[in-house]
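Here is the structure we will look at, set down as structure tokens.
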Amino acid sequence: MPVSHSTSAETVLIDLSFALAEIALSDLKTEHAMRAMARIKSAMTEIRLLAPRVIRESDESDPLAA
23 MPVSHSTSAE TVLIDLSFAL AEIALSDLKT EHAMRAMARI KSAMTEIRLL APRVIRESDE
83 SDPLAA
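Below, the structure written as structure tokens:
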């Protein structure tokens, strides 16, 4: 199944959303906020690990990318 050409843009938007959530939570020093920040950082790491592979697959399926 071909990868959508908008996948890299979607990845950037997701990464930005997580970063904004992390900024919002950084002012809260509760245990719940700290756990949420840890989950956000974990999700951001997973997205960053997946993003290069998704972008390469997108480029391979795009004849104009070459």
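Numbering-wise (the working numbering), the sequence shown opens with residue 23 and increments by one. Backbone N, C-alpha and C define an ideal beta-carbon position, used for all residues, glycine too. Since this is a predicted model, take the numbers as computed values, not measurements.
With DSSP run on the structure shown, which of helix, strand or coil describes Thr-33?
Here residue 33 refers to the residue found at position 11 when the sequence shown is read from its first residue. Correct three-state label for Thr-33: helix.
Suppose you measure from the CA of Met-56 to the CA of Leu-72; what does that come to, to the nearest Å?
Reading the sequence shown from its first residue, position 34 is the one you call residue 56. Reading the sequence shown from its first residue, position 50 is the one you call residue 72. Looking at the two C-alpha atoms, the distance is approximately 25 angstroms.
So, are the CB atoms of Asp-37 and Ile-62 less than 7 angstroms apart?
Within the sequence shown, numbered from 1, the residue matching residue 37 stands at position 15. Within the sequence shown, numbered from 1, the residue matching residue 62 stands at position 40. No Cβ-Cβ contact shorter than 7 angstroms links Asp-37 with Ile-62.
For Leu-47, the nearest candidate out of Thr-33, Met-59 and Thr-29 (CA to CA)
As a working note, residue 47 is residue 25 in the sequence shown. Answer by Cα proximity: Met-59.
In angstroms, rounded to a whole number, what distance separates the CA positions of Leu-35 and Ser-64?
In the sequence shown, counting from the first residue as 1, residue 35 sits at position 13. In the sequence shown, counting from the first residue as 1, residue 64 sits at position 42. Spanning the two alpha carbons is a distance of roughly 16 angstroms.
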